[in-house]
Amino acid sequence: MNETGAALLRALGKETGVFLLTVDTGAQYDIRFDWDDLDRWRITKLDGGTGLPAGA
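This is the structure we're talking about:
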């Protein structure tokens, strides 16, 4: 997705963005994209975090 993501950013006139891909056990998937809030889906295991995206 790196080149596809970069092409989408260029097409939108954006320099940075965040893509969140989630896949469940049935291979159903969802792709989310944000360029305004790069911390929208912060992923961390610091401070007792789960390692899963926050707010997803």
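Just so we're aligned, residue 479 is where the sequence shown starts under the working numbering, counting upward by one. Backbone N, C-alpha and C fix where the C-beta goes; we use that ideal spot for every residue, glycine too. Note that the coordinates shown come from a computational prediction; the quantities given were computed from them, not determined experimentally.
Same chain, Cβ closer than 8 angstroms to residue i, five either side skipped, listed in chain order
i: P426; result: Look at the range of the chain in this structure, 479 to 534, and you will see that residue 426 is not part of it.
i: G529; result: I521, T522, K523
Contacting residues, own chain, Cβ-Cβ under 6 angstroms from residue i (five flanking each side not counted)
i: T482; result: none
i: R510; result: L498
Neighbourhood of residue i by C-beta distance below 7 angstroms, restricted to the same chain and skipping five residues each side
i: D517; result: none
Contact under 8 angstroms by Cβ, residue i with residue j
i: V496; j: D512; result: yes
i: E493; j: L486; result: no
Reduced DSSP secondary structure (H/G/I, E/B, other) of residue i
i: R488; result: helix
i: T500; result: strand
i: D512; result: strand
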